[in-house]
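Novice: Below you'll find the structure I mean.
Residue numbers (my numbering): 2 to 92.
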């Protein structure tokens, strides 16, 4: 016998909650911004994603070119604060 939403009370409850969320918020701006499949909203999300990724990537590449990440220290020190916050610290 095939699985069905109606045979699983937890899945059924989740489905009811999602449907209620949709009915309550479907006409609100934030909901459309986030979930609408209308072309304008989809294009807006794509542009926001591109714009949001561009600046951090640019900063990271600049830091690489400036040598910010060239020196790496794998040794933990008391000055770094790692020992004080570590759950393995015994002293």
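The beta-carbon is built from N, C-alpha and C at its ideal position, and this holds for glycine as well.
Quick check on DSSP: helix, strand or coil for residue 56?
Specialist: helix
Novice: Near residue 92, which residues of its chain fall below 6 Å by C-beta distance, leaving aside the five closest residues on each side in sequence?
Specialist: With a pLDDT of only 48 at residue 92, under 50, the local geometry of the prediction cannot be trusted, and the value read off the model is given with reservation. For residue 92, where only same-chain residues beyond five positions count, there are no Cβ hits under 6 Å.
Novice: In the structure shown, what three-state DSSP assignment does residue 25 receive?
Specialist: helix
Novice: If residue 42 and residue 54 are in contact, beta carbons under 8 Å, what's the gap, nearest whole angstrom?
Specialist: 19 Å between Cβ atoms; not a contact.
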